[in-house]
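The structure appears right after this line, and notes come after that.
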Amino acid sequence: MATEHPITAPDGTRTVVDEYAAQGREDSSAAVLFLPALGVPIGYYTPLFEKAAARGIHIFGLEMRGRPRTSTTDMRKHDWGYATLIEQDIPAAFRQSPLGEVEHLTVVGHSLGGLLALTATGAGILRPERIMTAASGAGHHSTRDGFVARTQRRLVTPWARTITQVWGYFPGDKLGFGDRQPKTMMRDWHREARTGRFIFANTDTDYEEALRHIDVPVLQLSFAGDTLVSPRAVDMLGSRVGPATPEHVHLGTDANAGRPWDHVRWPRQNSDAVLDVMQDWARKHPVATEQS
Numbered sequence: 001m002a003t004e005h006p007i008t009a010p011d012g013t014r015t016v017v018d019e020y021a022a023q024g025r026e027d028s029s030a031a032v033l034f035l036p037a038l039g040v041p042i043g044y045y046t047p048l049f050e051k052a053a054a055r056g057i058h059i060f061g062l063e064m065r066g067r068p069r070t071s072t073t074d075m076r077k078h079d080w081g082y083a084t085l086i087e088q089d090i091p092a093a094f095r096q097s098p099l100g101e102v103e104h105l106t107v108v109g110h111s112l113g114g115l116l117a118l119t120a121t122g123a124g125i126l127r128p129e130r131i132m133t134a135a136s137g138a139g140h141h142s143t144r145d146g147f148v149a150r151t152q153r154r155l156v157t158p159w160a161r162t163i164t165q166v167w168g169y170f171p172g173d174k175l176g177f178g179d180r181q182p183k184t185m186m187r188d189w190h191r192e193a194r195t196g197r198f199i200f201a202n203t204d205t206d207y208e209e210a211l212r213h214i215d216v217p218v219l220q221l222s223f224a225g226d227t228l229v230s231p232r233a234v235d236m237l238g239s240r241v242g243p244a245t246p247e248h249v250h251l252g253t254d255a256n257a258g259r260p261w262d263h264v265r266w267p268r269q270n271s272d273a274v275l276d277v278m279q280d281w282a283r284k285h286p287v288a289t290e291q292s
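Mapping of the sequence shown onto the UniProt record's numbering: residues 1 to 292, in sequence order.
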């Protein structure tokens, strides 16, 4: 059962942080912050969070603005980009929830959430002792395998931007990807997909340069069968991170009873297998409370 912590960002946006207490563990000085994928409500991850808590992991999940439990669900009235999530929502979560009392932090991000985890850490906004990303990769067309796939990616990115300009927001709920997203968010996404660099709107911070200032252990997970983020995309993102060298673990179909993994659905396909990999890696890179 989650404890809900309402938070309000500096611009007045209201959202929530869900907290899952670690079962059988009294020490709450170490915890995980989970950042979700584009367009995925934090409630979608409830089975994953409950299994993590049952394993003794204290975990928090941040609902991204635009999702059902926020005050910014009308994309025509509200607009934001990556920098807003990093510079407003994440700090608000620490100021207004028990996250601010956590002494030893691990950040886990799924897809977009992994990009936010890395860039926010590089910029010094997040200060974790380790980072784990799942299905998070570079968006550039060169990450795709084969001429046809690369051509499709080169066509899709300007198409998505054009759709966003016409509608005033990205109607992902009608197109089957990412749910509804504001125009600045899609412009940030398009810019990285076109240039291979993070150049976010409405900020003075160079978040591409920030990637070069990550000095904590980083685990990158990719999934066999993921049609949106390939292992090459994961490696290309990892090559931009420093001075730490990320460790890339690829989960094959053998880890999912012979079935391909899905980019969005992996938390509900076989979250135990993913948690096993994450915990094995975490034991190799323990935080202070795990070293005693």
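For glycine and all other residues, C-beta sits at the position ideal for the given N, C-alpha and C. Quick caveat, the model's predicted, so the values are computed rather than measured.
Length of the line joining the Cα atoms of residue i and residue j
i: alanine 244; j: aspartate 188; result: 25 Å
i: arginine 232; j: tryptophan 266; result: 19 Å
i: histidine 248; j: arginine 130; result: 14 Å
i: glycine 258; j: asparagine 202; result: 45 Å
i: glutamate 19; j: phenylalanine 60; result: 4 Å
i: threonine 13; j: threonine 84; result: 11 Å
i: tryptophan 167; j: alanine 30; result: 44 Å
i: threonine 143; j: arginine 67; result: 29 Å
i: glycine 114; j: methionine 132; result: 7 Å
DSSP bridge partner residues for residue i (one or two, in chain order)
i: residue 304; result: No answer is possible for residue 304: it lies beyond the span of the chain, which begins at 1 and ends at 292.
i: serine 222; result: His250
i: proline 243; result: Ile214
i: glycine 172; result: Asp179
i: threonine 203; result: Answer by DSSP bridge pairing: none, since threonine 203 is not bridged.
i: isoleucine 59; result: Tyr20 and Val32
i: proline 7; result: Per the sequence shown, the amino acid found at residue 7 is isoleucine instead of proline. Answer is Thr15.
Continuous alpha helix (DSSP H) stretch holding residue i: start and end
i: arginine 187; result: 183-195
i: phenylalanine 94; result: 90-96
i: glycine 238; result: 231-238
Span of the beta strand (DSSP E), counted from its first residue to its last, around residue i
i: methionine 132; result: 130-134
i: threonine 46; result: Not the beta strand (DSSP E): threonine 46 falls in the alpha helix (DSSP H), residues 46-54.
i: phenylalanine 34; result: 30-35
i: threonine 106; result: 104-110
Cβ neighbours of residue i in the same chain (closer than 8 Å, five flanking residues each side left out)
i: serine 28; result: Ala21, Ala22, His58, Pro98, Glu101 and Val102
i: leucine 116; result: Leu35, Tyr82, Leu85, Ile86, Ile90 and Gly109
i: glutamine 269; result: Asn256, Arg259, Trp261 and Asp262
i: arginine 161; result: Met186, Arg187 and His190
i: glycine 178; result: Leu38, Gly39, Phe170 and Gly172
Residues near residue i in its chain [Cβ-Cβ closer than 6 Å; skip 5 each side]
i: tyrosine 207; result: Thr119, Phe198 and Phe200
i: alanine 217; result: First, the amino acid is wrong: residue 217 is proline here, not alanine. Within the same chain, proline 217 has close Cβ partners Arg130 and His285.
i: proline 6; result: Val16
i: glycine 225; result: Pro260 and Trp261
i: leucine 33; result: Phe60 and Val107
i: alanine 210; result: Thr119, Gly122 and Ala123
i: arginine 69; result: Val16 and Glu63
i: alanine 288; result: His104
i: alanine 92; result: Ile7 and Ala9
Close beta carbons around residue i, own chain, < 7 Å, minus the five adjacent residues each side
i: aspartate 235; result: His248
i: leucine 275; result: Lys51, Ala52 and Arg55
i: serine 271; result: Pro47, Leu48 and Lys51
i: threonine 164; result: Phe170, Lys183 and Met186
i: serine 71; result: Thr13 and Arg14
Legend entry - Cβ contact check for the region 121-129 and the region 44-60: 3 or more pairs under 8 Å: no
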